[in-house]
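S.K.:
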Amino acid sequence: MAKPVLLKDTKLMDVKLGQLGSWLAMRDFTPGGILGAIRRGHQRYYNKYINVRKGGLGGLSMLLAGYIALSYMWSYSHIKHDRRRKYH
Numbered sequence: 908m909a910k911p912v913l914l915k916d917t918k919l920m921d922v923k924l925g926q927l928g929s930w931l932a933m934r935d936f937t938p939g940g941i942l943g944a945i946r947r948g949h950q951r952y953y954n955k956y957i958n959v960r961k962g963g964l965g966g967l968s969m970l971l972a973g974y975i976a977l978s979y980m981w982s983y984s985h986i987k988h989d990r991r992r993k994y995h
């Protein structure tokens, strides 16, 4: 007989929509908890895409694409104003 999994230990993708509020209430939103979540995410990314035996360009290209998208979002307001100007 399988032991039931506690709601706190359930991954976000396995949480039902009705349980989402109580699942979010169990999360740790202190600065230490948020920093720990960022650390776990970085470790998961590093172990999945960077620290592999037969590495490829997949992990690094994904990181580069994320950086390009983020820098475009940061400079979008400047780009938006430049496209309506006339250069003549």
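The sequence shown begins at 908 in the working numbering and counts up by one.
Each residue gets a CB set at the ideal place from its N, CA and C atoms; glycine is no exception.
Can you tell me where the alpha helix (DSSP H) holding Ser978 begins and where it ends?
M.R.: Note, Ser978: alpha helix (DSSP H), 965-981.
S.K.: Can you tell me which of the three DSSP states Met933 falls into?
M.R.: In this structure, Met933 counts as coil in the three-state DSSP scheme.
S.K.: Would DSSP call Leu942 helix, strand or coil?
M.R.: Looking at Leu942 - three-state DSSP - the assignment turns out to be helix.
S.K.: For Gly940, which residues from the same chain have a beta carbon less than 8 Å from its beta carbon, with the 5 sequence-adjacent residues on both sides left out?
M.R.: Excluding sequence neighbours, Gly940 sits near Arg934.
S.K.: With DSSP as the reference, label Lys915 as helix, strand or coil.
M.R.: Helix.
S.K.: Less than 8 Å between the beta carbons of Tyr979 and Met969, yes or no?
M.R.: Their beta carbons are not under 8 Å apart, which means Tyr979 does not touch Met969 by this criterion.
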